[in-house]
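A.B. asks: Quick one: the structure is below, and I'll ask about it shortly.
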Amino acid sequence: DFMIDFFDGEYAFLSNFYDSPITYEGINYPTVEHAFQAAKSMDSSVRKTIANMDTPGKAKRAGRKVELRSDWETVKFDVMKELVTLKFQIPELREKLKATGDAELIEGNTWKDTCWGVCNGKGSNNLGKILMEVRKTI
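Numbering (my numbering) for the sequence shown: 499 to 636.
Dropping the structure here:
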């Protein structure tokens, strides 16, 4: 079976850091990463600040410092699915996702993220699973 196990190069578009302007709960974000980090807070000024950050890396770092909404651990998977679904409504990205066929999508990483991806063979690959779910609905 064909497997895509790093979201870089030809497959960089699968990354949440990839340019994909989306609108979530009334705010425009340049990437899924920006929107996901902002969604950790219920404060719209915090969300707008994160939305306006130059890079997804800065948004990710800012997301580590926000006061987490009380239901975050419960809702984070649904939020991610909603954001990834929005991203792949962009026609060009939709086609690229479709073109991955039935390849297994694994967010391989070196930054020890075992919730959303897989590092050193360990991880639950939730982002990969969401991408494959979204691909199925396309």
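Note that the Cβ used here is the ideal one computed from N, Cα and C, for glycine as well.
Between which two residues does the alpha helix (DSSP H) holding residue 550 run?
C.D. replies: Numbered from 1 along the sequence shown, position 52 holds the residue referred to as residue 550. Careful: residue 550 lies outside any alpha helix (DSSP H) and carries neither H nor E.
A.B. asks: How should residue 628 be labelled, buried or exposed, when 16 other C-beta atoms within 10 angstroms of its C-beta is the threshold for buried?
C.D. replies: Translated into positions along the sequence shown, residue 628 becomes position 130. With 16 or more Cβ atoms within 10 Å of its Cβ, residue 628 is classed as buried.
A.B. asks: Note the first and the last residue of the continuous beta strand (DSSP E) segment covering residue 521.
C.D. replies: Within the sequence shown, numbered from 1, the residue matching residue 521 stands at position 23. Element bounds for residue 521: 520-522.
A.B. asks: Specify the secondary structure class of residue 527 as computed by DSSP and reduced to three states.
C.D. replies: To locate residue 527, count along the sequence shown from 1; it is residue 29. Note: residue 527 maps to strand in three-state DSSP.
A.B. asks: Hey, quick one: how far does the alpha helix (DSSP H) through residue 571 stretch, first residue to last?
C.D. replies: In the sequence shown, counting from the first residue as 1, residue 571 sits at position 73. 570-585 is the extent of the alpha helix (DSSP H) around residue 571.
A.B. asks: Along the alpha helix (DSSP H) that carries residue 630, what are the first and last residues, could you check?
C.D. replies: Position 132 of the sequence shown, counted from the start, is the residue given in the question as residue 630. Taken as a continuous stretch (DSSP letters only), the alpha helix (DSSP H) holding residue 630 covers 624-635.
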